[in-house]
Structures are given as structure tokens and as C-alpha cells.
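*Asks:*
Chains as they are written, first to last, in our numbering: chain A, 936 to 1207; chain B, 936 to 1207.
1. Use the C-beta contact count for residue 1005/A: other C-beta atoms within 10 angstroms, 16 or more gives buried, fewer gives exposed.
2. Counting only beta-carbon separations shorter than 7 Å, does residue 943/B have a partner in chain A?
3. Compare the Cα-Cα distances from residue 1074/A to each of 1092/A, 1068/A, 1019/A and 1129/A and report the closest residue.
4. Three-state secondary structure (DSSP) at residue 1020/A?
5. What residue does the beta strand (DSSP E) around residue 1141/A start on, and which one ends it?
6. Using the beta-carbon count (16 or more within 10 Å), is residue 1036/B buried or exposed?
7. Taking the straight line between their C-alpha atoms, what separation do you get for residue 980/B and residue 1108/A?
8. Would you list, in chain order, the members of the region 1040-1057 of chain A that have their beta-carbon closer than 8 Å to a beta-carbon of chain B?
9. Check whether the Cβ atoms of residue 1020/B and residue 1070/B sit closer than 7 Å, and answer yes or no.
10. What do you reckon, are the CB atoms on residue 1149/A and residue 1179/A nearer than 7 Å?
11. Using a Cβ-Cβ distance cut-off of 7 Å, determine whether residue 1091/A contacts chain B.
12. Specify, as a first and last residue, the run of the beta strand (DSSP E) that residue 1110/A falls within.
13. Would you please verify whether the beta carbon of residue 1086/A is less than 7 Å from any beta carbon of chain B?
14. State buried or exposed for residue 1087/A, treating a residue as buried only when at least 16 other CB atoms are found within 10 Å of its CB.
15. Between which two residues does the beta strand (DSSP E) carrying residue 1166/B extend?
16. 7 Å is my cut-off, CB to CB: does residue 1037/A come that close to chain B?
17. Output needed for residue 953/B: all residues of its chain with C-beta closer than 7 Å, excluding positions within five of it in sequence on either side, in chain order.
18. With a threshold of 7 Å between beta carbons, is residue 998/A in contact with chain B?
19. Report the rounded CA-to-CA distance for residue 999/B versus residue 1206/A, giving the unit in angstroms.
20. When DSSP labels each residue in this structure, what does residue 1053/B get in the three-state scheme?
21. When DSSP labels each residue in this structure, what does residue 1011/B get in the three-state scheme?
22. Between the region 979-992 of chain A and chain B, which residues of the former have CB atoms less than 9 Å from a CB of the latter, in chain order?
23. By a C-beta neighbour count over all protein chains shown, 10 Å radius and 16 as the cutoff for buried, is residue 1172/A buried or exposed?
24. Taking residue 1104/B as the query, report the chain A residues whose CB atoms sit under 7 Å from its CB, ordered along the chain.
25. Expressed to the nearest angstrom, what Euclidean distance is found between the alpha-carbon atoms of residue 1145/B and residue 1114/B?
26. Counting only Cβ pairs nearer than 9 Å, list the residues of chain A close to residue 1094/B.
27. Looking only at its own chain, which residues have a Cβ that is under 7 Å from the Cβ of residue 1080/B, when we skip the five neighbours before and after it?
28. So who's on the other strand from residue 1046/A, going by DSSP bridges?
Pasting the structure below:
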């Protein structure tokens, strides 16, 4: 390939780094594909770092040492976080979403990449420095959000199943009490899905009593895993006392009522 | 914000466009955030277009007219497609993946963002010009791949359920014969998940006889939806005659045998 100009290299560096968040690239990798000197690439990277900071689009970090290089660290700034959550709250506040039994229809939001991309980025930003090895969720509705979070953290996703599936091989199971039905259920995860002693982040779409999260917490103990955080898209205000502590909701749901309507708001903690 | 230099604007344009594939941005949007003239942004975009083409990183397209602007269209080039599929095939060819009953353990691959990102991009590249409104999958194992495909196409994902869930509201159901178990099962999708007359792309992780895909095809008829394509990560070589036609597998699986091992290869059609 013919030599690129500086502004072309800068654009290409941004593309490659941001397409693969938290992936470390060596300077050699770039000197090869751009057919340019190390000093040239270093100068390009200074420009990339500055523009990311100036426009609050995330950070480009340099890692020193033998296995060193540069990587892009996604960062959802406060303004974008606020805008995204306000937009999502406005969309949820539509009485046509109310389903008999005071449930909320949210599948259109929680399966739409445009929204889960943003919410996944918020969780990734919050849990970036926790050295997390796996994002863990239980099927089905939390999977898209959990995958996007794992995507920005650049780590594997683990999906816990509600049935013992043949394709998972040998599994570890855990009984839990579902908050919405009050029934005892069992969750299963492949024994080979999680290395012993790992750090995990639990992500789910909805939390009422916290029964599912508690089940996941107990299941993780069977792998000697440390749960470094629990992120949920929507948590109900009531019951205030949940079965788990220290969870981080993006949105707090006060009320779903056929007549009085839906009341909810972004979790203000995220803006401090 | 102080005025940016050209190479900073180019980097920022790449970041914003590529973070939101297939999302149309007006020139005004960029003149505002960069505090620059339209003519300046137009020149920047010429550079962005050229570097994308030169490095085969996708395309930046201009849409004329009142609702016009520019958008980034992801494009997985042949070399990257080949490299990604070869790498995934090598990882699957590990006898420790064989589960009693000649099943393959693949959860680590099909839930890992690093791999589903690439495979989703391949599907998005193949079905980009089909005017697709929704990506449709059935829970659970195909969800990550389907979400990433929907992400690059910038369209909603629809998840068909194996049980009739209260949070889906009124549902439409379809009976189908599962290829792996031979049993009749029922799938359900919310009535409000798909607009009548839409174009859909079906994505799943695995196809043997094609029973699940056939069920989805029949279910889509209930919405007067046109199925514009069926993409599966892995299809078995046998039975050659599937219950559906015109599906596109990324990988073709010849054999899973405890003694003889695993034989599979990328679908050569993708390289033509």
C-alpha cells in the first residue's frame, strides 16, 4: 500500500483501536500496516489521544513493558449518560407498555442494539477498573445488555440457563426463589464456562426482589468467583430491601399502574 | 471548544461514524460539534472516505436529499472474513469440545464478543443491501450473534421465546419439529415485536435438519413478513436436504466423532 498521510493514519488508528475496545496493539502492528516509522506512529498516537480527550470520546492508553502497546478504553461521559437514560426513560413512560399484571413491555428497547450499546457502555465505564474476567447473566432478556457490556470490556460473556441443556456438557446448578413468581427455580451453567477464582460482573435487565441476582451470587460461589459488581437496567423502588446489596441500576422504577401510569427516573447516583 | 485541527477532526469523524454504523449524520451535526464550516467538513469527509477505502475498513456513504447526510457502512473484507473463520474453525477442532451424544461445546465461542463481533459483521456485510427491518432469532444460543448482526445493520433484534412469557404481552405462536430432539415444540413472539409486512433476516447458531429455521419461517408468515435471508454460524453437512432453502452458513460441519475427531471448514461460498 502507498504511504498514507498523517490525517489518514490518524483516522485509521481511531478506527482500529475503537473497533476493538480494550485490545492491546503493539506499535509494531501499526508500523507494519501503515509502512511508517515508530516515531511517526508515536506522533500520530499523541494526536489520537488528544482528540479523544478533547471530545470526551474515551481514552487511548499506553501500556509499558514487553507485552505493552496501546489500547482504546471506552468511556461514556456524564452528558451522554444522562441523555441516553433520559431518552430511554421517556420511551418507557408510555402507558401502552403496561401489560396485565402491571408488567412492562420493554423487549423493543432491551433487544435494540442502539439502546443496549449505550447502556452497555455505561456499565463498562463504571466497572472498567475492577479487573473483571467475565460478564455473567441468566437467560433471556438480559443477554443483549450483558453482551454489549462484555463487548466494551473485551471479556467473555457467560449465559446461565434455566434448563439443563445437553450442549452445555457437565453443569453446576443452583436453586433460587424467583421474585416475580415466588417459585423455586433452578439455574444451570456449564462447569467449563468459568475458571475458578475469577472476577465476575453480573448484568441483568430487571430487578424486583433480587432473587435471580441472589441465585447468581450463590452460583458464583461454587466457582470461587468474586462478584465485583451487579448491574441492572431497571430496579424497582419497592421493596427497598433487596436480597442482594450493592447493585447498580441505571433506572429506578417507582410505579406501574394502569390508571396512574408509569413513574421512573434515571439513577441519580450515576451523575455524581 | 477550541477549533480542532484537520487530523483531529478526521479522527473524531471516524469515531462518531463507526460507533454508530448505518446511522445517518447531517453535515450540520458535524459543523456544530466541530465549530467548523460545511466546506471544511466536506473536505474532511473526503479524507475519511479515502482512508476507509484504502484500508478496506468499510465505506462512508453520502445520502443526498432533505433527509440526507453521511453514514458508515461496515464491510468485512474477504481477507478478514477468511482469517476470522479459519481462526474459529481451528478453535472448534478441539476434541475436548465433544460432549456425549456427539454434541459440540461452543458456548465459549458463541458468547464471546470478540468472535460474535466478527461473525455478525460478516452477516451484516452479506445482507446489507436487502433492506432488512429486523434480525430475528430464537432463544438462547443464537442471541449474541444475532445482536451483533443487528448492531452492524443498525436495526432492532427480535427474540422468539420457547415459552409464553407474561412480559411479552399478547403473543403469536408456531409449532415446529426440533431437529435435534425430534419433538414438537412451540415458539412464541410478542404480537407487537414485528410490524406487518416487514423484511426480516433470521440468524441462529446451529442448523442440522433446519426444523427451528422452518418454524421461524412459518412464524414470520403470520406477520406477512418477508424472510430476506437465513444466516447460521454452523450448519451440518448431513442431512444435505434441509427443511429450508437458501440458508447461508459461515462454517460447515462434516463430522463430530469421539474417535475420528471433528472435521469442519469455512463455507467457501463466502470467499467468492
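Idealized CB from N, CA, C, for every residue including glycine.
*Replies:* With the structure as the only source:
1. buried
2. yes
3. 1092/A
4. helix
5. 1134-1142
6. exposed
7. 54 Å
8. 1040, 1041, 1042, 1043, 1046, 1047, 1048, 1049, 1051 and 1052
9. no
10. yes
11. yes
12. 1106-1112
13. yes
14. buried
15. 1161-1171
16. no
17. 1007
18. no
19. 39 Å
20. helix
21. coil
22. 979, 982, 983, 985, 986, 987, 989, 990 and 992
23. exposed
24. 1034 and 1040
25. 7 Å
26. 1042, 1046, 1075, 1076, 1078 and 1079
27. 1045, 1051, 1054, 1055, 1138, 1140 and 1168
28. DSSP lists no partner for residue 1046/A.
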